[in-house]
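In full-length UniProt numbering, the protein residues as written are 1 to 174.
Every residue gets a Cβ at the ideal spot worked out from N, C-alpha and C, and that includes glycine.
Notes to accompany the following structure.
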(Lines of atoms letter the chains of each structure in order from A and count residues from 1; the text may use other names and numbers.)
(Lines give C-alpha, C1' and ligand atoms only; values in the text may rest on other atoms or scores of the structure.)
Protein backbone atom coordinates (compact mmCIF):
# COMPACT_ATOMS: atom_id res chain seq x y z
CA UNK A 1 0.00 0.00 0.00
CA UNK A 2 1.35 3.40 -0.99
CA UNK A 3 1.48 6.25 1.48
CA UNK A 4 -0.06 9.60 0.46
CA UNK A 5 2.24 11.29 -2.03
CA UNK A 6 4.31 8.16 -2.59
CA UNK A 7 4.95 7.06 -6.16
CA UNK A 8 4.94 3.38 -7.14
CA UNK A 9 8.33 1.80 -7.72
CA UNK A 10 9.43 1.58 -11.32
CA UNK A 11 10.94 -1.49 -12.96
CA UNK A 12 14.58 -0.75 -13.67
CA UNK A 13 16.90 -2.78 -15.84
CA UNK A 14 20.66 -3.19 -15.76
CA UNK A 15 23.13 -2.63 -18.57
CA UNK A 16 24.78 -5.23 -20.78
CA UNK A 17 28.13 -6.52 -19.52
CA UNK A 18 31.34 -4.69 -20.35
CA UNK A 19 33.66 -7.68 -20.77
CA UNK A 20 35.74 -9.44 -23.40
CA UNK A 21 37.64 -12.72 -23.74
CA UNK A 22 40.54 -11.24 -21.75
CA UNK A 23 38.52 -10.38 -18.62
CA UNK A 24 40.39 -11.66 -15.56
CA UNK A 25 38.58 -9.55 -12.97
CA UNK A 26 34.82 -9.01 -13.06
CA UNK A 27 33.38 -6.30 -10.83
CA UNK A 28 29.70 -6.77 -10.06
CA UNK A 29 27.41 -4.07 -8.75
CA UNK A 30 23.81 -4.56 -7.72
CA UNK A 31 21.66 -2.51 -10.14
CA UNK A 32 22.47 0.89 -11.71
CA UNK A 33 21.11 3.91 -9.89
CA UNK A 34 18.87 6.52 -11.46
CA UNK A 35 21.74 8.80 -12.57
CA UNK A 36 23.47 5.88 -14.26
CA UNK A 37 20.26 4.73 -15.96
CA UNK A 38 19.54 8.28 -17.16
CA UNK A 39 23.04 8.65 -18.63
CA UNK A 40 23.39 5.03 -19.78
CA UNK A 41 26.71 4.72 -17.96
CA UNK A 42 27.95 2.57 -15.11
CA UNK A 43 28.60 4.60 -11.93
CA UNK A 44 27.50 7.95 -13.39
CA UNK A 45 26.40 9.63 -10.15
CA UNK A 46 28.99 12.25 -9.21
CA UNK A 47 28.89 11.08 -5.59
CA UNK A 48 29.89 7.54 -6.52
CA UNK A 49 33.62 6.94 -6.03
CA UNK A 50 33.88 3.95 -8.39
CA UNK A 51 35.94 5.66 -11.09
CA UNK A 52 38.24 7.31 -8.55
CA UNK A 53 38.74 4.01 -6.70
CA UNK A 54 39.42 2.07 -9.90
CA UNK A 55 41.74 4.85 -11.03
CA UNK A 56 43.72 4.34 -7.83
CA UNK A 57 43.83 0.58 -8.37
CA UNK A 58 45.00 1.01 -11.97
CA UNK A 59 47.28 3.95 -11.27
CA UNK A 60 45.41 6.02 -13.89
CA UNK A 61 43.10 9.04 -13.76
CA UNK A 62 39.90 7.50 -15.07
CA UNK A 63 37.63 10.32 -13.90
CA UNK A 64 39.10 12.73 -16.44
CA UNK A 65 38.35 10.44 -19.38
CA UNK A 66 35.15 10.19 -21.44
CA UNK A 67 33.00 7.21 -20.45
CA UNK A 68 33.82 5.11 -23.54
CA UNK A 69 37.54 5.56 -22.84
CA UNK A 70 37.05 4.55 -19.19
CA UNK A 71 35.53 1.25 -20.31
CA UNK A 72 38.31 0.81 -22.86
CA UNK A 73 40.96 1.36 -20.18
CA UNK A 74 39.30 -1.21 -17.89
CA UNK A 75 39.20 -3.78 -20.70
CA UNK A 76 42.84 -3.05 -21.56
CA UNK A 77 43.69 -3.97 -17.95
CA UNK A 78 41.45 -7.08 -18.11
CA UNK A 79 38.66 -5.70 -15.92
CA UNK A 80 34.97 -6.20 -16.72
CA UNK A 81 31.79 -4.68 -15.28
CA UNK A 82 28.30 -6.05 -14.81
CA UNK A 83 25.52 -6.29 -12.23
CA UNK A 84 24.06 -9.19 -10.26
CA UNK A 85 20.48 -8.03 -10.83
CA UNK A 86 18.93 -8.04 -14.32
CA UNK A 87 15.92 -5.94 -13.31
CA UNK A 88 13.96 -4.97 -10.22
CA UNK A 89 11.30 -2.66 -8.90
CA UNK A 90 12.92 0.26 -7.11
CA UNK A 91 11.89 3.76 -6.21
CA UNK A 92 15.00 5.91 -6.27
CA UNK A 93 18.53 4.51 -6.30
CA UNK A 94 19.10 2.86 -2.93
CA UNK A 95 19.74 -0.88 -2.84
CA UNK A 96 17.53 -1.11 0.23
CA UNK A 97 14.56 -0.14 -1.97
CA UNK A 98 15.05 -3.03 -4.44
CA UNK A 99 12.01 -5.30 -4.66
CA UNK A 100 11.22 -8.24 -6.93
CA UNK A 101 14.77 -8.64 -8.17
CA UNK A 102 15.34 -10.82 -11.24
CA UNK A 103 18.86 -12.19 -10.83
CA UNK A 104 21.39 -12.99 -13.53
CA UNK A 105 22.83 -16.46 -14.15
CA UNK A 106 26.30 -15.57 -12.91
CA UNK A 107 27.62 -19.13 -12.96
CA UNK A 108 26.89 -19.57 -16.66
CA UNK A 109 28.23 -16.10 -17.41
CA UNK A 110 31.49 -16.71 -15.53
CA UNK A 111 31.94 -20.00 -17.40
CA UNK A 112 31.98 -18.05 -20.68
CA UNK A 113 34.96 -15.93 -19.56
CA UNK A 114 37.96 -18.20 -20.27
CA UNK A 115 40.61 -16.41 -18.18
CA UNK A 116 38.42 -15.14 -15.33
CA UNK A 117 40.30 -15.31 -12.02
CA UNK A 118 38.28 -13.15 -9.64
CA UNK A 119 34.86 -11.64 -9.09
CA UNK A 120 34.59 -8.57 -6.88
CA UNK A 121 31.27 -7.44 -5.42
CA UNK A 122 30.78 -3.69 -5.16
CA UNK A 123 28.80 -3.47 -1.94
CA UNK A 124 26.80 -5.72 0.34
CA UNK A 125 23.76 -6.21 -1.90
CA UNK A 126 25.92 -7.34 -4.82
CA UNK A 127 27.84 -9.69 -2.52
CA UNK A 128 24.72 -11.26 -0.99
CA UNK A 129 23.05 -11.93 -4.35
CA UNK A 130 26.27 -12.82 -6.16
CA UNK A 131 27.58 -15.25 -3.55
CA UNK A 132 24.16 -16.90 -3.34
CA UNK A 133 24.30 -17.55 -7.09
CA UNK A 134 27.94 -18.59 -7.31
CA UNK A 135 28.23 -20.64 -4.13
CA UNK A 136 31.67 -21.81 -3.09
CA UNK A 137 34.09 -21.57 -5.99
CA UNK A 138 37.58 -23.04 -5.80
CA UNK A 139 38.31 -21.78 -9.31
CA UNK A 140 37.64 -18.09 -8.56
CA UNK A 141 38.61 -15.57 -5.92
CA UNK A 142 35.46 -13.89 -4.61
CA UNK A 143 36.10 -10.46 -3.10
CA UNK A 144 33.62 -8.40 -1.09
CA UNK A 145 34.27 -4.66 -1.42
CA UNK A 146 32.79 -1.74 0.45
CA UNK A 147 30.28 0.03 -1.78
CA UNK A 148 31.66 2.84 -3.91
CA UNK A 149 28.30 4.61 -3.53
CA UNK A 150 28.22 7.97 -1.82
CA UNK A 151 25.21 6.63 0.10
CA UNK A 152 27.64 4.35 1.96
CA UNK A 153 29.12 7.16 4.02
CA UNK A 154 29.97 5.22 7.18
CA UNK A 155 33.36 4.37 5.64
CA UNK A 156 35.84 7.00 4.54
CA UNK A 157 37.08 7.22 0.98
CA UNK A 158 40.59 6.36 2.23
CA UNK A 159 39.31 3.21 3.95
CA UNK A 160 37.42 2.25 0.80
CA UNK A 161 40.56 2.84 -1.26
CA UNK A 162 42.58 0.54 1.02
CA UNK A 163 40.01 -2.25 0.60
CA UNK A 164 39.74 -1.76 -3.16
CA UNK A 165 43.51 -1.97 -3.60
CA UNK A 166 43.13 -5.75 -3.10
CA UNK A 167 42.01 -5.80 -6.73
CA UNK A 168 45.49 -4.82 -7.92
CA UNK A 169 46.58 -8.46 -7.75
CA UNK A 170 44.20 -9.25 -10.63
CA UNK A 171 44.96 -6.26 -12.85
CA UNK A 172 46.83 -6.86 -16.08
CA UNK A 173 49.31 -4.62 -17.84
CA UNK A 174 47.92 -2.32 -20.49
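Item, Value
"Tell whether a beta-carbon distance below 9 Å holds between residue 110 and residue 143.", "no"
"Pick helix, strand or coil for residue 167, following the three-state DSSP scheme.", "helix"
"When the Cα of residue 137 is compared with those of 129, 59, 117 and 16, which residue comes out closest?", "117"
"Rounded to whole angstroms, what's the CA-CA distance from residue 35 to residue 44? Just pull it up for me.", "6 Å"
"Roughly how many angstroms lie between the CA atoms of residue 187 and residue 139, to the nearest whole one?", "Outside the displayed span of the chain (1 to 174) sits residue 187, for which this structure offers no information."
"Would residue 28 be called buried (16 or more neighbouring beta carbons within 10 Å of its own) or exposed?", "buried"
"In whole angstroms, what separates the C-alpha of residue 61 from that of residue 25?", "19 Å"
"Could you tell me the distance, in whole angstroms, from the CA atom of residue 6 to the CA atom of residue 77?", "Note that residue 6 has pLDDT 49, beneath the 50 cutoff, so the model's placement of it is unreliable and no number is given."
"Alpha carbon to alpha carbon, how far is residue 155 from residue 20?", "32 Å"
"Pair every Cβ in the region 122-133 with every Cβ in the region 83-96, then say whether three or more of these pairs are closer than 8 Å.", "yes"
"According to DSSP, which residues form a beta bridge with residue 18?", "81"
"Run the CB neighbour count on residue 173, radius 10 Å, all protein chains shown included, and call it buried at 16 or more, exposed below.", "exposed"
"Would you call the region 67-76 in contact with the region 97-113, where contact means no fewer than 3 C-beta pairs closer than 8 Å?", "no"
"Could you round the C-beta distance between residue 49 and residue 157 to whole angstroms and report it? I think they count as a contact, below 8 Å.", "6 Å"
"DSSP three-state call for residue 63: helix, strand or coil?", "coil"
"In chain order, which beta strand (DSSP E) runs of at least 3 residues are fully inside the region 94-169?", "99-103, 118-122 and 141-145"
"Check the DSSP bridge columns for residue 13 and list the partner residues they point to.", "87"
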